[in-house]
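A quick write-up on the structure given underneath.
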Amino acid sequence: MGSVSQAYLESEPVKEARSLISELCRQFYSLGWVSGTGGSITMKVHDSSIPKPQQLILMSPSGVQKERMEPEDMYVLSGDGAIISSPSPKPYPHKPPKCSDCAPLFMKAYHMRNAGAVIHSHGMESCLATMINPHLKEFRITHMEMIKGIQGHGYYDELVIPIIENTAYENELTDSLAKAIEAYPKTTAVLVRNHGIYVWGDSWISAKTQSECYHYLFDAAIKLHQLGLDWSTPDHGPIQVVKGVPSVDCRMNVSKKARLADSNCNGKPFTRCIVLDIEGTTTPISYVTDILFPYAQNNVGRHLSATYASAETQDDIKLLRSQVEDDLKQGVIGAVPIPSEDAEKEEVIAALVANVEAMIKADRKITALKQLQGHIWRTGFETNELKGIVFDDVPEALEKWHALGVKVYIYSSGSRLAQRLLFGNTKFGDLRKYLSGYFDTAVGNKREKRSYVEITDTLGVDKPSEILFLTDIYQEAIAAKAAGMEAIISVRPGNSPLPDNHGFKTINSFLEV
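Residue numbers for the sequence shown follow our numbering, so the first one is 3 and each next one is one higher.
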């Protein structure tokens, strides 16, 4: 938009956006987010005929009573941040109009994340969450329902929000906010210590929804901390102090400088997170090959027949169709055509069973198969036909790491559902309370470096070497090491032999870690 006509500035989309900002500011004022003239909001004028980067931007002014703003008080900016239209001055005691001091920070969210709206809140919860430990560079929380309201996150995921240090003037935060956005590609928010939070979304609805969820989670963390409970762990149990070991607060919240200087007090990389493989690492290979795979293979027809009309199974079938089409093009052995959707149910199921059996026989690590297997296994666990099996040292190690404040994640070729089922139904009880999250092949092949880079970005550590990956597969250890992680190979009964001079540390029990 080289130029903007007065007619467009007075158009309905612009008027609606103006009114919406003033309405939202009144609501945010009642929540304590924009009191004392603090805080701000900005949004793009939605117009499907204009590419999003070029859409007009509306911003609230600075230093005004946010709850008393009128639609005509808003600034209008171009997509690159140039002011196109300013509000008219008001008589004393109003100050001369001035565009939001947050404007440079808002523009970073627009340009770096293609945001549709940004909210800056001074909510008390967002301040206190950064003040509980002054050395904390991140806010982390997991296993809370409201995490599901944050883009790209689920209940079992760990939410990580970077914290930047406050400055005397708002615009001086611009560089540090941009660095945080770049360093945390999954985040939709940045906390400013002793100040507040910036939240963005692809629309005003997304930004508002996430802001409400973030403030809820901060409030929950504060209340849990007051009760002596650790909000950052899956079970939110008492903050642990292990004899001879620093407390959770001490270990997890030390500054980056202190971690690099101390490096776990013994010259080794500071381990903040442990990522575990399953097959041959936490669980005998024979459990997968002799119990889980045969169960899925023997029950695939029954499962598809019983659940054929469900949305979940139809989604499974859609994924399998797509995979089989690719397999047929590439001449994969065992792939057979699947009849069209209007064919008889029995014909479709028969073809699906043939393909799934061939995939299982070839031990293929593909999402279409793993997702269906997870749904079949879920039925087995629900009917007690299946029970999760882990090595005897695993529960004790998980409990120890949990007490030390080390976050533990699973990365397996099995679906995330299958992972949760296995660890939630063992003879040792439900071990999911010790786990902070799950990764499957949706992040990539386990033998490729980029998969581990993606995991590193998701966990939000300062350095990849703060993550320890445990696996029984040499090629997986190579990929993890190439991504900068520490890697140890698990040697368990039934595992394949390792190549000579492989160069990795090996363990026979998690208790050796």
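All C-beta atoms, glycine included, are put in the ideal place defined by N, C-alpha and C. These numbers were taken from a predicted model, which means no experiment stands behind them.
Relative to S21, the option among D328, D344, E343 and V47 whose CA is nearest is V47.
Residue burial is scored here from C-beta neighbours: S128 has at least 16 other C-beta atoms within 10 angstroms and is therefore classed as buried. Of the other Cβ atoms in all chains shown, 16 or more fall within 10 Å of the Cβ of I59; this residue is therefore buried.
When DSSP states are grouped into helix, strand and coil, W35 belongs to the coil group. Cβ contact annotation for F506 (same chain, cutoff 7 Å, sequence separation greater than five): A479, A489, I490 and I491, in chain order. Distances from the CA of A356 to each of Q332, G382 and V326 were compared; the closest alpha carbon is that of V326. Secondary structure of L60 (DSSP, three-state): strand. Residue range W206 to Q228 is occupied by the alpha helix (DSSP H) that includes Y216, with no beta strand (DSSP E) assigned at that position. Inter-residue distance for N196 and E384 is about 48 Å (C-alpha atoms, whole angstroms). When C-alpha distances from K347 are compared across A119, W379, Y310 and G65, the shortest belongs to Y310.
Straight across, the Cα-Cα distance linking T369 with S414 is about 11 Å. Counting only runs of 4+ residues, the alpha helix (DSSP H) found wholly inside the segment 328-409 occupies 347-363, 369-384 and 395-406, in chain order. Residues of the same chain with a CB within less than 7 Å of the CB of L175, apart from the 5 flanking positions on each side, are L107, I166, T169 and V194 in chain order. For the pair K188 and D459, the CB atoms are nearer than the 8 Å cut-off. In this structure, M148 and C215 form a Cβ contact; the two beta carbons are roughly 5 Å apart against a cut-off of 8 Å.
For E140, the beta-bridge partners assigned by DSSP are P164. DSSP places F108 within a helical segment (H, G or I) once states are collapsed to three. Of Q67, A117 and N116, the smallest CA-CA separation from K97 is found for Q67.
Residue environment for I23: buried (at least 16 other C-beta atoms within 10 angstroms of its C-beta). By the criterion of at least three beta-carbon pairs nearer than 8 Å, the segment 468-486 is in contact with the segment 275-286. Where V302 is concerned, the enclosing alpha helix (DSSP H) starts and stops at F295 to T309.
Spatial neighbours of H227 in its own chain (CB-CB distance under 7 Å, excluding positions within 5 residues in sequence) are listed in chain order as I134 and W233. P240 carries a strand assignment under DSSP once its states are collapsed to helix, strand and coil.
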